[in-house]
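Enquirer: Mind looking over this structure? Questions follow.
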Amino acid sequence: MASAFKSSVSMLEKELAALITENKIQARIDSHNKILYARHADQR
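Under numbering that gives the first Met the number 0, think of the first position of the sequence shown as 0, with each following residue one higher.
See the structure below:
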């Protein structure tokens, strides 16, 4: 994913962490496995 944005993994992780902190995206980061988990609202 980092290569798609022409960025390093660490820089992308920092940018995503900032977006999560600012509540601009609902997600969490698994730093150990380098996976982004998006949170979806239950549509029921």
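The C-beta atom is built at its ideal place from N, Cα and C for all residues, glycine as well.
Bear in mind the structure is a predicted one, so any value in this text is a computation, not a measurement.
Residue 24 by DSSP, collapsed to three states: which one?
Expert: Start at 1 with the first residue of the sequence shown, and residue 24 comes out as number 25. If DSSP states are grouped into helix, strand and coil, residue 24 belongs with coil.
Enquirer: What residue range is occupied by the uninterrupted beta strand (DSSP E) comprising residue 3?
Expert: If you number the sequence shown from 1, residue 3 lands on position 4. Run containing residue 3: none; DSSP gives neither H nor E here.
Enquirer: Short check: CB of residue 35 to CB of residue 28, under 8 Å?
Expert: Taking the first residue of the sequence shown as position 1, residue 35 is located at position 36. Taking the first residue of the sequence shown as position 1, residue 28 is located at position 29. In this structure, residue 28 lies closer than 8 Å to residue 35 by Cβ.
Enquirer: I need the straight-line Cα distance from residue 3 to residue 11, nearest angstrom please.
Expert: To locate residue 3, count along the sequence shown from 1; it is residue 4. To locate residue 11, count along the sequence shown from 1; it is residue 12. Computed Cα separation, rounded: 11 Å.
Enquirer: Along the chain, where does the beta strand (DSSP E) that runs through residue 49 open and close?
Expert: This structure cannot speak to residue 49, because the chain is shown only from 0 to 43.
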